[in-house]
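Beneath this line is the structure, given in C-alpha cells, with notes to follow.
Structure follows, in C-alpha cells:
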C-alpha cells in the first residue's frame, strides 16, 4: 500500500513538472530566441528548391520576415500537406507557413493567424484541350490528399451530375506528383490553388493553362498552436506591420508581381487593427 502511494505521488509530481516545463510556445520562443516554422519544399512559388538547390519562395520569405520582427532566429522545418498540422499538434514546430487554407474544420485542431494570402482553386490542363471542369467530368482529375482542393473538386463534380466523384479523382501526396501525372496524360486536369498551378505551368511555358471558373476561395492563414494567444498576437502584429510599412508588397511583388512567371494581381488586403 505504501509503495502504491509513493508511486502515485511520484507520477503526479512528474506530470506537474511536465506541464510546467511545456509552457506556452511564445514564452519558450522568447527565451530560446528561436522559432521553428514549418515550410513546404515543392510548392512553387510558395516554398521550393530552385535550380541552384536554394530553398526559396513567398512563404519562405514571409516566415523569415516574421522571425526577424519577433527578434528571434528561425529554424525552418520541412513539412507537407500531411505534416503541416500534425507537427504543430506534436510540438515539433511553432508555426506553419505552408499555403494552408484557414477552415473551421482545421480550427478544431490548431489555431490560425489573420489571412496573409488570398488564393482560389482552379484547374490546370493542357493548353487548348479543355475549357472547364464540365469538359473533363468523365476524365480523371488530380489533386492532393487531405486538402480542401480534394473536397472542392469532388463537390464540383457532383454538382455537374457525376454519380461517383471519388472514381474520377486521383489524390497524390505531393504537388510534383500531380503535375507529373498531368504531364504524362494520366489525368486530364489538376485542381488546386491557382498560384500553385501557375508556378508549375511556368516550368513548361505554353503547354498548360488555367481553365474554367474558380471552384472556391482559399484564404491562407499561418497555422499556430491552440491556446497560445501571445504567439498568435505576435504573429498577427508582425503581419500587420509588414503590410503597413510596405514589406509585404515587396515580398508579394518579388514572387507574384507583373514581371514574374507567376503574375497574379493582389486580390485583397490584410486585416489591420488600431
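Numbering (mature numbering (1 follows the signal peptide of the UniProt record, and there is no 0)), first residue to last: -22 to -1, 1 to 252.
Backbone N, C-alpha and C fix where the C-beta goes; we use that ideal spot for every residue, glycine too.
Query: Residue 107 (DSSP reduced to helix, strand or coil); Result: coil
Query: CA-to-CA distance, residue 193 to residue 232, given in whole angstroms; Result: 27 angstroms
Query: Sub-8 angstroms separation of residue 75 and residue 15 beta-carbons; Result: yes
Query: Candidates 20, 51, 22: closest to residue 11 by CA position; Result: 51
Query: Segment contact, 8 angstroms Cβ cut-off, at least three pairs: the stretch 138 to 153 with the stretch 113 to 122; Result: yes
Query: In DSSP terms, what residue 82 is bridged to; Result: DSSP output for residue 82 lists no bridge partner at all.
Query: Three CB pairs or more closer than 8 angstroms across the stretch 95 to 103 and the stretch 163 to 182; Result: yes
Query: Of the residues 112, 142, 110, 105, the one placed nearest residue 163, counting alpha carbons only; Result: 105
Query: Buried/exposed call for residue 182, threshold 16 Cβ in 10 Å; Result: exposed
Query: Cβ-Cβ distance between residue 55 and residue 37 below 8 angstroms; Result: no
Query: Residue 53, DSSP secondary structure in three states; Result: strand
Query: Nonlocal neighbours in the same chain, by C-beta distance under 6 angstroms from residue 245, ignoring five residues either side; Result: 96
Query: Residue 162 (DSSP reduced to helix, strand or coil); Result: helix
Query: Residue 236 beta carbon near the ligand NAD (any heavy atom closer than 7 angstroms); Result: What this structure holds is no ligand at all, so the ligand NAD is not there to describe.
Query: Nearest candidate by alpha-carbon position, reference residue 252, set 218, 140, 126, 226; Result: 218
Query: Neighbour-count burial assignment, residue 132, 16 or more Cβ in a 10 Å radius; Result: buried
Query: Separation of residue 91 from residue 200, as counted between CA atoms; Result: 5 angstroms
Query: CB contact flag (residue 202, residue 213, <8 angstroms); Result: yes
Query: Run of the alpha helix (DSSP H) containing residue 219, from where it starts to where it stops; Result: 207 to 222
Query: C-beta atoms of residue 178 and residue 78 nearer than 8 angstroms; Result: no
Query: Residues that DSSP places opposite residue 199 in a beta bridge; Result: 93
Query: Per-residue burial, residue 250 [other beta carbons within 10 Å of its own, 16 or more giving buried]; Result: exposed
Query: Coarse secondary structure for residue 19, derived from DSSP in three states; Result: coil
Query: Exposed unless 16 or more other CB atoms sit within 10 angstroms - verdict on residue 27; Result: exposed
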